[in-house]
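Last residue of the sequence shown: number 519 in this note's numbering, and the count goes up by one each step with no gaps.
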Amino acid sequence: MIIPALDLIEGQVVRLYQGDYGQVTEYKVDPVEQFNLYHQAGANWLHLVDLTGAKDTTARQLDLIAKLLAGTPANIQIGGGVRSEQDVVDLLEAGAQRVVVGSTAVKQPELVKGWMEKYGAERIVLALDINIDENGTRKVAISGWQEDSGVTIEALIDDYLTVGLKHVLCTDISRDGTLAGSNVELYVDLCKQYPQVQFQSSGGIAA
């Protein structure tokens with residue numbers, strides 16, 4: 313399955329190079345129209361990242377998100393700065409089918425596991441961004457990739473499997489925003505290790 317993604321800053325469709333807000337490419341397209349084009353092309357799921365909300369949760373683009381959700385019949389998963397249960401509630405009530413949780417899932421696993429138990433594992437996607445060192449160790453990065461959590465992706469997945477983890481969006485940071493191609497070997501290995509988890513591969517998709 314291909315899940316088209318849009319990143320938004322103040323309503324503008326953008327792409328960041330390796331998560332750097334200082335390296336922004338803007339696209340002069342209407343996000344509602346673009347989502348509909350993706351759906352018309354056959355996409356049943358769409359992915360939205362609220363980069364404004366990721367930097368400042370008080371500035372979350374809820375009105376635009378609600379407009380997007382109302383404007384397309386596709387299923388949508390939304391992420392970007394989800395740090396509290398209220399963030400989860402706001403996005404689910406806006407109509408999101410899934411909420412994507414990143415750094416908070418690494419920093420506060422007990423909190424996020426509680427959300428999965430309360431709202432259902434089907435409604436929560438863990439966004440795990442990883443750096444792979446020279447030994448092949450896959451460490452999860454947090455805080456906009458600025459910090460090494462010291463936790464491996466395998467350890468984190470094992471922990472969340474205790475509450476029925478179903479969805480993981482995994483990004484190889486070295487590939488993100490580069491159009492250099494996906495790290496296929498990484499995802500093949502993860503799928504073999506955890507057949508009960510549905511992995512979404514991200515980073516470097518170009519063709």
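Beta carbons: idealized from backbone N, C-alpha and C, even for Gly.
This structure is a prediction, so every number in the text was calculated from the model and none was measured.
Runs of 4 residues minimum, wholly inside the region 356–418: which ones carry the alpha helix (DSSP H) assignment?
363–367, 374–383, 397–406
Per DSSP, what kind of secondary structure is residue 449 in: helix, strand or coil?
coil
Straight-line Cα distance separating residue 469 from residue 349:
Distance between the alpha carbons of residue 349 and residue 469: 34 Å.
Just the Cα atoms here: how many angstroms apart are residue 402 and residue 450?
Going from the Cα of residue 402 to the Cα of residue 450 covers about 32 Å.
Identify, in the order they occur along the chain, each residue of the same chain with its Cβ nearer than 6 Å to the Cβ of residue 502, setting aside the five sequence neighbours on each side.
So the list reads 511, once near-sequence residues are dropped.
Through-space distance from residue 453 to residue 362, alpha-carbon basis
Residue 362 and residue 453: Cα-Cα distance of roughly 19 Å.
Roughly how many angstroms lie between the CA atoms of residue 351 and residue 360, to the nearest whole one?
Approximately 14 Å, taken between the alpha carbons.
In terms of residue numbering, what span does the beta strand (DSSP E) encompassing residue 348 cover?
No beta strand (DSSP E) holds residue 348; the alpha helix (DSSP H) holding it covers 343–352.
Check whether the region 426–433 and the region 368–385 are in contact - that is, three or more C-beta pairs closer than 8 Å.
no
Distance, Cα to Cα, residue 373 vs residue 366?
10 Å
Exposed or buried, what is residue 461 when buried is set at 16 or more other beta-carbons lying within 10 Å of its beta-carbon?
The Cβ neighbour count for residue 461, taken over all protein chains shown within 10 Å, is at least 16; the residue is labelled buried.
For residue 417 versus residue 439, is the C-beta spacing smaller than 9 Å?
yes
Label residue 495 either buried or exposed according to how many other C-beta atoms from any shown protein chain fall within 10 Å of its C-beta, with 16 as the threshold for buried.
buried
Hey, residue 334 and residue 441: beta-carbon distance below 9 Å or not?
no
Spatial distance of residue 421 from residue 328 (CA atoms):
27 Å
Pick helix, strand or coil for residue 477, following the three-state DSSP scheme.
coil
At what residues does the alpha helix (DSSP H) containing residue 434 begin and finish?
Counting along the chain, no alpha helix (DSSP H) covers residue 434, and no H or E run does either.
Are the CB atoms of residue 436 and residue 400 within a distance shorter than 9 Å?
yes
If we count the other Cβ atoms within 10 Å of its Cβ and call it buried at 16 or more, is residue 472 buried or exposed?
buried
Cβ shell of residue 395 (< 7 Å), same chain only, five flanking positions each side left out
369, 416.
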